[in-house]
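Engineer: The UniProt record's numbering numbers the first residue of the sequence shown as 1 and each following residue consecutively. A single structure is presented below for examination.
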Amino acid sequence: MTDDKSLPASEGRLKRFVENLPGIAYRCRPTAPWEMEFVGGRVRATTGYPAAAFESGEIAYGDIVLDADVEELRREIRDGVEYRSQFSASYRIRTREGEVRHVFERGAPVVEDDDVEALEGIVIDVTDRKESKRRLRRQNELFTNTQRLADVGGWELDVRNDELRWTDQVKRIHGVSRDSSPTVEDAIGFYHPEDRPEIRSAVERAIEDGEPFDRTLRIQTDDGEQRWVRVRGSPTAIGGRVVRLSGAIQDVTDSKQREQLLRLLHRLLRHNLRNDLNVIRGYTDTLGEELPGGESTEYAERIETAATNLLKKSETAKELLDISLNRRETQRTVDLRELLDRIAEELRGRYPRAEIRVRADDSAVLEGDRRLDALFEQLLENAIEHSDCDAPRVEVTANASADEVRVEIADDGPGIPPEEWSVVVEEDETDSTPLRHGSGVGLLLASVVVDDYGGDLECDNASEGGAAVTVRLPR
């Protein structure tokens, strides 16, 4: 009597167990297409079909296995049957809705009197896991490709055991093989002898004081080549104690060499060219006073005018180099009303006959640095200097939307010639067409700054005369 009562209870527990499985429990025929004798669990959720559809023979399990995967599944089951052992297989099925799902199956033959009567096992939907692995693989590939393209790699130092790990790209930067395992001292040894104290001190302060670092230093690669690298490190602390440093190393040799060239040009413009032009102006002024009138005096005046114009262009070019060499300045909140009013006041002092009007909304505010000063001073001064009026008039308006600020500088001059505006829109850097007047250099400076901010620079020449230059900068 007790056994009879316990049987339904046992069956109930088994039913609940099957229903709570993270997959499908089954008993089926041992040969394809594997008609089901019993199937339970997450049948509909996995296949889209009700369990009754399989148990009634309306559809065989083999019918939903993708053709490309059937043979592999058949082989795994055949080996399990032949050797009377467990088998497992990963394959794809097509659901009732047409969706392809990845599943994992583990089963075993049911043997009676040495004959295989059926197969029993479980099928688990692993689509999400497969998709996660695929995404992870794609992310790793993207990370590797990005490292290679940007010439940047990652590193990590476990402070507790001094274990240093480099990504493959860091190893490539240092010219060592992928299977190398450098120590901390090995890594510091790659740095130029003059730079080793600086990197060692930065690492020590990061460990002792939790201070991050960002340095641009020289290394000597394994094959003796000198390279410039930007190395950054950030500490991770547990319980107030730094346990790990992690960061990045980027090969910046090309940009460092360009920076050195820019600094050389900056010195030439600041000292050599400027001094020589001032000497020319001085001697020309003396010649103009001592030469008799007529053409000789006129030629001397032309030389002095050309030298003055060239000096102004060199000042603008120097300012452009200043901007290129100081692109990593700290950003601050810039009120364009205050900035434009200040620039206008300075220019009124230099050009007393000029009329400059500024209208700016209170909302015209953005994050920026001193490059904005150079940008708007250059555009306003261009508008005044190249006017053909005795009393140039310049109208400046500034307003803002949620996404950008917009500044328009309109003048009553002759407009900007297309060949001058071409320095902004032309992509051909080898174009040797000379600039007809100094605004081309100023516009080039303006376009460099606007590009750095991710903005747009536009020009509209009015038919009745005058030009309107519009600057759009993201907020």
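For each residue, glycine too, the CB sits at the ideal point set by N, CA and C.
Helix, strand or coil: how does DSSP classify phenylalanine 54 here?
Structural biologist: Three-state result, phenylalanine 54: helix.
Engineer: Report the rounded CA-to-CA distance for glutamate 76 versus glutamate 97, giving the unit in angstroms.
Structural biologist: 27 angstroms
Engineer: Which residues bound the beta strand (DSSP E) around glutamine 220?
Structural biologist: Element bounds for glutamine 220: 213 to 220.
Engineer: Please work out which residues of its chain come closer than 7 angstroms, Cβ to Cβ, to leucine 340, disregarding the five sequence neighbours upstream and downstream, and give them in chain order.
Structural biologist: Val358, Ala360, Phe376, Val396 and Ala398
Engineer: Runs of 3 residues minimum, wholly inside the region 55 to 127: which ones carry the beta strand (DSSP E) assignment?
Structural biologist: 87 to 94, 100 to 112 and 115 to 125
Engineer: Suppose you measure from the CA of leucine 443 to the CA of glycine 240; what does that come to, to the nearest Å?
Structural biologist: Leucine 443 and glycine 240 have their C-alpha atoms roughly 53 angstroms apart.
Engineer: My guess is that alanine 32 and valine 43 are in contact by the Cβ rule of under 8 angstroms, so how many angstroms apart are they, rounded?
Structural biologist: Contact doesn't hold; Cβ gap of about 19 angstroms is too wide.
Engineer: Can you tell me whether DSSP reads threonine 236 as helix, strand or coil?
Structural biologist: Strand at threonine 236.
Engineer: How do the region 219 to 236 and the region 201 to 211 stand: do at least 3 beta-carbon pairs fall below 8 angstroms, yes or no?
Structural biologist: yes
Engineer: Are there three or more Cβ pairs, one per stretch, closer than 8 angstroms when the region 125 to 134 is compared with the region 150 to 161?
Structural biologist: Touching, no, given that fewer than three Cβ pairs across the two stretches are closer than 8 angstroms.
Engineer: Please classify proline 197: does DSSP put it in a helix, a strand, or coil?
Structural biologist: helix
Engineer: Within 10 angstroms of its Cβ, does asparagine 382 collect 16 or more other Cβ (buried), or is it exposed?
Structural biologist: buried
Engineer: Can you tell me where the beta strand (DSSP E) with valine 39 in it begins and where it stops?
Structural biologist: 36 to 41
Engineer: Where do the ends of the alpha helix (DSSP H) carrying aspartate 179 lie?
Structural biologist: Neither: aspartate 179 is in no alpha helix (DSSP H) and is coded neither H nor E.
Engineer: Check whether the region 108 to 124 touches the region 195 to 206, counting contact only when three or more Cβ pairs, one atom from each stretch, lie closer than 8 angstroms.
Structural biologist: no
Engineer: Do leucine 473 and glutamate 404 have their beta-carbon atoms positioned less than 8 angstroms apart in this structure?
Structural biologist: yes
Engineer: Measuring CB to CB, does alanine 468 end up less than 8 angstroms from aspartate 460?
Structural biologist: yes
Engineer: Look at phenylalanine 87 and glycine 107 and say whether their C-beta atoms are less than 8 angstroms apart.
Structural biologist: yes
Engineer: State the CB to CB distance for the pair aspartate 452 and arginine 371, rounded to an integer number of angstroms; the pair is presumed to be in contact (CB under 8 angstroms).
Structural biologist: 7 angstroms
Engineer: For alanine 364 and glutamine 169, what's the separation of their Cα atoms in angstroms?
Structural biologist: 44 angstroms
Engineer: Pop quiz: glycine 57 and glutamate 35 are said to be a contact at Cβ under 8 angstroms. What is the actual Cβ separation, rounded to whole angstroms?
Structural biologist: 6 angstroms
Engineer: Using the beta-carbon count (16 or more within 10 Å), is residue 506 buried or exposed?
Structural biologist: The chain is shown only over 1 to 475; residue 506 falls outside these bounds and no answer can be derived.
Engineer: Rank Leu217, Arg27, Asp222 and Ala45 by C-alpha distance to the C-alpha of lysine 256 and give the top, closest one.
Structural biologist: Leu217
Engineer: State buried or exposed for glycine 454, treating a residue as buried only when at least 16 other CB atoms are found within 10 Å of its CB.
Structural biologist: exposed
Engineer: Is the Cβ-Cβ distance between valine 252 and valine 229 less than 8 angstroms?
Structural biologist: yes
Engineer: Which same chain residues, not among the five before or five after alanine 68, have their C-beta less than 8 angstroms away from its C-beta?
Structural biologist: Answer for alanine 68: Arg92, listed in chain order.
Engineer: What separation, rounded to the nearest whole angstrom, lies between the Cα atoms of valine 471 and glutamate 315?
Structural biologist: Straight-line Cα distance between these residues: approximately 23 angstroms.
Engineer: Could you tell me how far apart the beta carbons of leucine 380 and isoleucine 356 are, in whole angstroms, since I believe they sit closer than 8 angstroms?
Structural biologist: 7 angstroms
Engineer: Is serine 401 helix, strand or coil when you go by DSSP?
Structural biologist: coil
Engineer: For threonine 46 versus aspartate 128, is the C-beta spacing smaller than 8 angstroms?
Structural biologist: Taking a C-beta distance under 8 angstroms as the contact criterion, threonine 46 and aspartate 128 do not qualify as a contact pair.
Engineer: Short check: CB of leucine 277 to CB of alanine 307, under 8 angstroms?
Structural biologist: yes
Engineer: Between glycine 466 and the rest of its own chain, which residues show a CB-CB distance below 7 angstroms, the 5 nearest in sequence each way excluded?
Structural biologist: Ala410, Asp411, Asp412, Gly413 and Gly415
Engineer: Going by CA-CA distance only, name the one from Gln378, Pro418, Leu157 and Trp421 that's closest to valine 449.
Structural biologist: Gln378
Engineer: Which whole-angstrom value describes the C-beta separation of aspartate 304 and arginine 281, a residue pair presumed to lie in contact below a C-beta threshold of 8 angstroms?
Structural biologist: The sequence as given places glutamate at residue 304; aspartate does not occur at that position. Going by Cβ atoms, the distance from glutamate 304 to arginine 281 rounds to 6 angstroms, so yes, they are a contact pair.
Engineer: Let me know the secondary structure DSSP gives tyrosine 26 once reduced to three states.
Structural biologist: strand
Engineer: So, with DSSP's three-state summary, where would you put glycine 413?
Structural biologist: coil
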